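Asker: Numbered per the numbering used here, the sequence shown spans residues 90 to 196.
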Amino acid sequence: MKAVNNSISGVEEAVAKYTVEMFGLTSVVSGKRKAEMELGENVKLTDIVHGLKKVAPSLAGEVIHRDTDYLMEGFAFNINGRFYSDDRNLVLKESDRIILLAMATIG
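(1) Okay, do the segment 166–180 and the segment 146–157 touch, 3+ Cβ pairs below 8 Å being the bar?
(2) Do you know offhand how far Asn167's Cα is from Lys182's?
(3) Classify Thr115 as buried or exposed, calling it buried when 16 or more other Cβ atoms lie within 10 Å of its own Cβ.
(4) Going by Cα to Cα distance, which pick from Gly113, His139, Phe164 is closest to Met192?
(5) Just mark Ala145 as buried or exposed, buried being the case when its beta carbon has 16 or more other beta carbons within 10 Å.
(6) Bridge partners of Glu110, per DSSP?
(7) So the beta strand (DSSP E) Ile168 belongs to, where does it begin and stop?
(8) Quick check: what's the CA-CA separation for Lys143 versus Asn169?
(9) Considering just the uninterrupted stretch of the alpha helix (DSSP H) at His154, what are its terminal residues?
Encoded structure:
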């Protein structure tokens, strides 16, 4: 984690780098295998989704709802081996392994 000066307030803020890996359909839609973003501390899952819409805008409307910071049905995050789709209170750490996946259905 690094610290940077906020140009508006002049206050030093901590900034962490988060990486989201993408495989399969999410990689095809985004055109990327991973997306990196710098965000503040105490980042929640919705902050990651919002950041993804900025660094991979093609995900909006296909994987992420255009008007909200939530994944569309059929998509989920795997974070450190556990699946999450809509956990608004989950706080992430810079060291977390975050993967965006399309959930396969068989039937």
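Built from N, CA and C at the ideal position, the CB exists for glycine as well. Since the model is a prediction, treat every value here as computed from it, not as a measurement.
Answerer: Quick look at the numbers:
(1) no
(2) 14 Å
(3) buried
(4) Phe164
(5) buried
(6) Lys123, Ile188
(7) 164–168
(8) 23 Å
(9) His154 -> no alpha helix (DSSP H), and no H or E assigned at all.
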